[in-house]
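Before any comments, here is the structure.
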Amino acid sequence: MRRPAFSMNLSPRDRRALRLGALLVAPVLAYALLARPYVASVQSARSALARERDLLAREQALVDETPSFPARIRATGAVLAGETQRLYGDRDAVSATAALAREVGGMLKGAGVSLQQVDARADTVLPGGIRELTIEVRAEGDFQGILAALAAMESGRRLLRVGQVGIVVGASSGVFQAALGAPGAPGMEVLSFTATVHGYSVASSDSLPQAGAGAGARASSTAGPRGEAVR
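Structure follows, in C-alpha cells:
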C-alpha cells in the first residue's frame, strides 16, 4: 500500500510529537464530550432530588400537624370574632359614619375637650369587604385634654385610626370656657385641635369599589353652647 506523500516527509521526531499531542488532546476531548455532560446530568439530578426531598419533608410536616388544625381554626375564629366586634355594625355607610362621629364626640367630651365641628368624608371599601369611614373633627381644649382624647381613640373598644393631627395655639371662641363652666376671659389662649379619624365597618354585599358616594356628601355639624354636636 502506498503511503500519503506528507507522511513520507515526517521525521521520527515529528511523528513522536504528533503521538504526544494526540495523547494530550484525547483526555480533554473525552472530558468535554463525555465526562462533562455526565457530571452536569448527575448534578442536575441531585438538585432535583434535593428539592423533592425538601417538598416531601414539608408535606410530611403538614400532615403531622393535621390533628391541630381544628383547634387552630377555632382560635382563629375567636380572634376574628373579637376583631369584628371592634367594627361598627351598621352596613350602611351613612349610619356607620354617624355612629363614628357620635363616639368620637363622646370621647372628646369625656376628655374635657370642646367639640366644634365634625365633617364626614367619603368612605372607601377595602379588599375583604371592609369599609373605611372617615371624619374630620375640630375641637378646642387644653394640652392634657387633647392627649387624653387621642389616647381614648386609640385604646377604645372600637378600631379607630387617627390620621392627620393639627394643634394650633390661638384665641378661644369662648365655647371651651362655657363647656367647662370656666369664667375665663374670651381671649384666653387655648389649643385648637383638628384631626382626621378613621373607623371601620363591614360593607354591604352590593357595595362596589366606588360605593360610598352617598356618604361622601359632607355632613357638617356645629357645636352647641356646651360643645355638643347639633344635627
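Every letter in the sequence shown is one number past the one before it in our numbering, and letter 163, counting from 1, is 281.
We treat Cβ as the ideally placed atom computed from N, Cα and C, and that holds for glycine.
Secondary-structure assignment with DSSP links I285 through a beta bridge to F311.
Per the C-alpha coordinates, the member of E170, V308, A270, L277 positioned closest to V287 is V308.
Between the stretch 194-210 and the stretch 226-235, the count of Cβ pairs shorter than 8 Å is below three; the stretches do not touch. Around the beta carbon of D241, 16 or more other beta carbons lie within 10 angstroms, which makes this residue buried. Going by DSSP, Y156 is part of the alpha helix (DSSP H) stretching over 154-182. Within the model, the alpha-carbon separation for T252 versus A217 is close to 11 Å. Per the Cβ contact rule, the stretch 234-249 is not in contact with the stretch 263-280 (fewer than 3 Cβ pairs under 8 Å). Here DSSP, grouped into helix, strand and coil, assigns V143 to helix. Annotation for L205: L277, Y318, S319, V320 place their beta carbon closer than 7 Å to its own, counting only its chain and skipping 5 residues before and after. CA-to-CA, the gap between D208 and A238 works out to about 16 Å.
Judged by beta-carbon spacing, V222 lies within the 7 Å limit of V315, meaning their Cβ atoms are closer than that value. The alpha-carbon separation between L141 and A168 amounts to approximately 39 Å. A distance below 6 Å between beta-carbons, with the five flanking residues on each side excluded, links G284 to the following residues of its chain, in chain order: T312.
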